[in-house]
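Novice:
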Amino acid sequence: MTRPSLLNRLTFRQLQVFQAVHRQQSYSRAAEQLGLTQPAVSAQIRQLEQALEQPLFKYAGKTLHVLPAADALAASVTSIFGQVSSLQMELSEIAGTIRGELNLAAVSTAQYVVPHILARFRARYPEVTIRLRVCNRSQALERLAERRDDLVIMGMVPQDAQLAFMPILDNEMIPVVWPGHPLLTADKPSLEDFARHYVLMREPGSGTRTAFEEFAARERVSLPHTIELGTNEAIKQGIMAHLGVAVLPRLAVQLEIASGLLASPKLPGFPLKRSWCTVYPKDRPPSPVTELFLRCVRELLPELNRHFSGPLEPMPGHSVVCLPAVDGQQF
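Yeah, the sequence shown ends on 373 if you go by my numbering, and it's all consecutive.
1) 7 Å is my cut-off, CB to CB: does S118 come that close to chain C?
2) Could you tell me the distance, in whole angstroms, from the CA atom of T79 to the CA atom of E333?
3) Count the other CB atoms, across all protein chains shown, that sit within 10 Å of the CB of Y101; report buried if there are 16 or more and exposed otherwise.
4) Alpha carbon to alpha carbon, how far is I136 from V176? Give it in angstroms, no decimals.
5) Quick one: what's got a C-beta closer than 7 Å to D369's C-beta in the same chain, skipping five residues either side?
6) Between the C-alpha atoms of V287 and S306, what's the straight-line distance to the nearest angstrom?
7) Along the chain, where does the alpha helix (DSSP H) that runs through I277 open and close?
8) Residues bridged to D212 by DSSP?
9) To the nearest angstrom, how far is it from the Cα of I195 to the Cα of S248?
10) Taking the straight line between their C-alpha atoms, what separation do you get for L129 and A258?
11) Take the Cβ of K315 as the centre, count every other Cβ of all protein chains shown within 10 Å, and call the residue buried at 16 or more, exposed below.
12) Count the other C-beta atoms from every protein chain shown that fall within 10 angstroms of the C-beta of H107, then say buried if there are 16 or more, exposed otherwise.
13) Secondary structure at P14, three-state DSSP: helix, strand or coil?
14) Identify the residues that DSSP records as bridge partners of A237: which are they?
15) Hey, out of N347, G280, M243, whose CA is closest to S317's CA?
16) Please list, in chain order, all residues of the same chain as V289 whose beta carbon is under 6 Å from its beta carbon, the five residues on each side excluded.
17) Leaving out five residues before and five after P291 in sequence, what residues of the same chain have Cβ atoms less than 6 Å from its Cβ?
18) Can you tell which of D113, V155, D191 has the C-alpha that lies nearest to the C-alpha of V331?
19) Measure how close the beta-carbons of S127 and S329 come, nearest whole angstrom, since I'm counting them as under 8 Å.
20) Any chance the CB of L242 is under 6 Å from a heavy atom of the ligand NAP?
21) For L133, which three-state DSSP category applies?
22) Rounded to whole angstroms, what is the Cα-Cα separation between L226 and V263?
23) Label L133 either buried or exposed according to how many other C-beta atoms from any shown protein chain fall within 10 Å of its C-beta, with 16 as the threshold for buried.
24) Does DSSP put W312 in a helix, a strand or coil?
25) Could you give the first and the last residue of the continuous beta strand (DSSP E) run that contains E143?
26) Please name the residue, chosen from S68, G280, R164, that lies closest to Y240 on a Cα-to-Cα basis.
27) Please return the same chain residues whose Cβ sits closer than 7 Å to the Cβ of G302, not counting the five positions on each side in sequence.
28) Just the Cα atoms here: how many angstroms apart are F54 and H267?
29) Could you please give the first and the last residue of the uninterrupted alpha helix (DSSP H) stretch that includes P330?
30) List the whole-angstrom C-beta distance separating R189 from P323, where the pair is believed to meet the contact cut-off of C-beta under 8 Å.
31) Quick check: H64 and A111, are their CB atoms within less than 7 Å of each other?
32) Which residue from K230, P200, N178 puts its Cα closest to that of N274?
33) With DSSP collapsed to three states, give me the class of P224.
34) At what residues does the alpha helix (DSSP H) containing H64 begin and finish?
35) My understanding is that V119 touches L174, with C-beta atoms under 8 Å, so please give their C-beta distance in whole angstroms.
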């Protein structure tokens with residue numbers, strides 16, 4: 043009896059689950075990414091192994107090992123899904139409407155910039171589903187390694203990694219204090235003067251924290267009094283409450299400084315300058331929708347730099363596209 047061809051024994055769902063397990067090298071993390079239970083993931087992999095008549099993974103203790111057949115399948119699956127994505131784009135263009143998904147991750151400091159870009163992108167391609175996850179730099183690097191997103195927007199891109207990146211905007215970090223703070227009227231205040239206060243910091247893995255700690259180390263200035271707070275918003279509230287001082291992205295405090303809630307003393311060496319970049323692994327070429335987003339960003343670069351060098355306000359030149367009415371209701 044002739045055995046059915048491999049084409050008739052595979053499903054896209056099996057390949058999707060396999061790709062997640064292969065990239066995450068973990069059943070539990072793959073299940074979390076896909077919104078499935080771990081037994082459901084295990085069942086899909088077991089069915090796929092039966093169809094291929096080859097084992098794909100094996101456990102040694104608690105460590106999941108990737109077998110040669112899995113690496114061979116992974117290369118084909120990437121190609122297959124790339125072709126499907128291209129087909130979806132081609133069919134969308136034939137229909138006159140671009141559809142697809144754009145999965146982004148951005149470091150928390152970039153959250154003040156990315157929505158402005160997304161607004162322009164969505165005005166051009168309203169049928170594209172957009173998902174944005176905000177994380178710190180350490181988590182962004184982890185997501186890159188695990189291939190969890192189409193694109194990551196971050197600063198301080200590792201130079202030794204196999205990553206393709208494009209700088210999009212300067213990220214200036216400045217010292218921030220409360221209005222009336224003695225450093226604002228001091229004669230030539232120094233970093234040492236700043237460090238004598240309690241310094242409010244983000245968590246380890248934060249790009250802003252790393253940049254400031256590296257700067258202080260280069261200047262041979264210790265930071266003996268620090269308080270760790272989890273978000274930029276918590277740090278801003280802490281400064282307003284006179285809990286301490288901090289170094290934060292200019293864009294994160296621009297509105298508060300303009301309204302007189304916070305202030306920035308002039309210290310030597312500031313602002314610290316880094317660049318936000320779009321980043322993706324070189325071995326995972328951008329999908330067609332991601333290419334459209336990157337093209338949109340490249341076209342916006344001059345406008346982005348002009349806009350964010352001045353007072354913070356909505357970027358001009360785009361309109362909100364409303365969803366169609368359903369049963370007489372407008373959303």
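Idealized CB from N, CA, C, for every residue including glycine.
Computed from a predicted structure; not experimentally measured.
Specialist: Taking the definition as stated:
1) Going by chain labels, chain C is absent from the structure shown, which holds only one protein chain.
2) In the sequence shown, the residue the question calls residue 79 occupies position 37. In the sequence shown, the residue the question calls residue 333 occupies position 291. When rounded, the distance between both Cα atoms is 32 Å.
3) Stepping through the sequence shown from its first residue, residue 101 is reached at position 59. It is exposed - the Cβ of Y101 has fewer than 16 other Cβ atoms within 10 Å.
4) As a first step, residue 176 is located in the sequence shown; it is residue number 134 there, counting from the start. As a first step, residue 136 is located in the sequence shown; it is residue number 94 there, counting from the start. Here the C-alpha atom of V176 lies approximately 34 Å from the C-alpha atom of I136.
5) Translated into the one-based positions of the sequence shown, residue 369 becomes position 327. With a pLDDT of 44 at D369, under the threshold of 50, the predicted position of this residue should be treated as unreliable, and no value is reported.
6) One-based indexing of the sequence shown puts residue 287 at position 245. One-based indexing of the sequence shown puts residue 306 at position 264. Distance between the alpha carbons of V287 and S306: 10 Å.
7) As a working note, residue 277 is residue 235 in the sequence shown. For I277, the enclosing alpha helix (DSSP H) begins and ends at 274-282.
8) Working through the sequence shown from its first residue, we reach residue 212 at position 170. According to DSSP, which records beta bridges pairwise, D212 is partnered with S317.
9) Start at 1 with the first residue of the sequence shown, and residue 195 comes out as number 153. Start at 1 with the first residue of the sequence shown, and residue 248 comes out as number 206. Going by the C-alpha atoms only, they are around 14 Å apart.
10) Here residue 129 is taken as the residue at index 87 of the sequence shown, counted from 1. Here residue 258 is taken as the residue at index 216 of the sequence shown, counted from 1. Using only the alpha carbons, I get a separation of about 51 Å.
11) Within the sequence shown, residue 315 is the residue found at index 273, counting from 1. Label assigned to K315: exposed.
12) Locating residue 107 in the sequence shown gives position 65, counting from the first residue. It is exposed - the Cβ of H107 has fewer than 16 other Cβ atoms within 10 Å.
13) Any answer about residue 14 is impossible in this case: the structure gives the chain only from 43 up to 373.
14) Within the sequence shown, residue 237 is the residue found at index 195, counting from 1. A237 is not bridged to any residue.
15) Along the sequence shown, one-based indexing puts residue 317 at 275. S317 has its Cα closest to that of N347, out of N347, G280, M243.
16) Position 247 of the sequence shown, counted from the first residue, corresponds to residue 289. For V289, the CB contacts under 6 Å within the same chain, skipping 5 residues up- and downstream, are M215, P217, F254 in chain order.
17) Here residue 291 refers to the residue found at position 249 when the sequence shown is read from its first residue. By the criterion of a C-beta distance shorter than 6 Å, P291 is surrounded in its chain by T151, N213, M215, once the five residues flanking it on both sides are discounted.
18) Your numbering for residue 331 matches position 289 in the sequence shown. Residue D191 is the option with its Cα nearest to V331.
19) Within the sequence shown, numbered from 1, the residue matching residue 127 stands at position 85. Within the sequence shown, numbered from 1, the residue matching residue 329 stands at position 287. Contact flag correct, Cβ pair sits at about 5 Å.
20) With respect to small molecules bound, the structure shown includes none, and the ligand NAP cannot be examined in it.
21) If you number the sequence shown from 1, residue 133 lands on position 91. The three-state reading of DSSP puts L133 in helix, counting H, G and I together.
22) Along the sequence shown, read from residue 1 onward, the residue named residue 226 stands at position 184. Along the sequence shown, read from residue 1 onward, the residue named residue 263 stands at position 221. Those two C-alpha atoms are separated by around 20 Å.
23) Taking the first residue of the sequence shown as position 1, residue 133 is located at position 91. Exposed, because fewer than 16 other Cβ atoms sit within 10 Å of the Cβ of L133.
24) Counting from one through the sequence shown, the residue named residue 312 turns up at place 270. For clarity, residue 312 is Phe in the given sequence; the question names Trp instead. If DSSP states are grouped into helix, strand and coil, F312 belongs with coil.
25) Position 101 of the sequence shown holds residue 143. Its beta strand (DSSP E) spans residues 142-149.
26) Position 198 of the sequence shown, counting from 1, holds the residue named residue 240. Residue G280 is the option with its Cα nearest to Y240.
27) Residue mapping note: residue 302 aligns to position 260 of the sequence shown, counting from 1. If the five residues before and after G302 are omitted, its C-beta is found closer than 7 Å to the C-beta atoms of P221, all from its own chain and listed in chain order.
28) On the sequence shown, residue 54 is found 12 positions in, with the first residue counted as 1. On the sequence shown, residue 267 is found 225 positions in, with the first residue counted as 1. Spanning the two alpha carbons is a distance of roughly 54 Å.
29) Here the question's residue 330 lines up with position 288 in the sequence shown. Element bounds for P330: 330-350.
30) For the purposes of this step, residue 189 is taken as residue 147 along the sequence shown, with counting starting at 1. For the purposes of this step, residue 323 is taken as residue 281 along the sequence shown, with counting starting at 1. So it is a contact: roughly 6 Å between Cβ atoms.
31) Working through the sequence shown from its first residue, we reach residue 64 at position 22. Working through the sequence shown from its first residue, we reach residue 111 at position 69. Inclusion of H64 and A111 in the CB contact set at 7 Å is not warranted, their separation being larger than that value.
32) The residue you call residue 274 lines up with position 232 of the sequence shown. The candidate whose alpha carbon is nearest that of N274 is N178.
33) For this step, residue 224 is matched to residue 182 along the sequence shown. It is helical.
34) Position 22 of the sequence shown, counting from 1, holds the residue named residue 64. Run containing H64: 54-66, per the alpha helix (DSSP H) assignment.
35) Position 77 of the sequence shown, counted from the start, is the residue given in the question as residue 119. Position 132 of the sequence shown, counted from the start, is the residue given in the question as residue 174. Actually they are not in contact, since the Cβ atoms of V119 and L174 sit about 25 Å apart, beyond 8 Å.
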